[in-house]
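With full-length UniProt numbering applied, the sequence shown covers 1 to 97. Below: the structure, in structure tokens.
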Amino acid sequence: MDNQIKIRGYRVELGEIEAAIRKHPAVADVVVVASPRTGDTELVALYTGEPVTTGELTRLLREHLPIYMVPHRYQHQDSFPLNVNGKFDRLALSRQA
């Protein structure tokens, strides 16, 4: 699966968003997925670690990323599902988003 998507006419590397979210000290790990919504694609960040408010994460990302790269939603997870290779199962996570 490609980790580069097109959103609002911009090419976006999901890994770049994930790296910015990992800068928060309460976040252990993060996976950003694209969730199709009516007429648009929505970015959703699923993260582990300590729960953090949406406002706090949004403020952090606005300091480091353009607004079109800031996720619309954040979901705290206890853990991430893994695929058979031991990597994060992005497909399963996108279904949860």
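C-beta: ideal position from N, C-alpha, C; glycine also. Since the model is a prediction, treat every value here as computed from it, not as a measurement.
Counting beta carbon pairs with one atom in the stretch 28 to 38 and one in the stretch 53 to 62, are three or more of them shorter than 8 Å? no
Does the Cβ-Cβ distance between Q75 and A97 come in under 8 Å? yes
One question on the structure: do V32 and S94 come within less than 8 Å of each other, judged by their Cβ atoms? no
For T48 versus D89, is the C-beta spacing smaller than 8 Å? no
Distance between V52 and M1 (C-alpha atoms, nearest Å): Reliability of the predicted coordinates at M1 is poor, the pLDDT of 47 falling under 50, and no value is obtained from them.
Might you give, ordered along the chain, the residues of its own chain that have their beta carbon closer than 8 Å to the beta carbon of R4, omitting 5 neighbours on each side? The displayed chain sequence assigns Gln, not Arg, to residue 4. Cβ neighbours of Q4 beyond the five flanking positions: R11, V12, E13, L14.
Buried or exposed (CB count within 10 angstroms, at least 16 for buried), V44: buried
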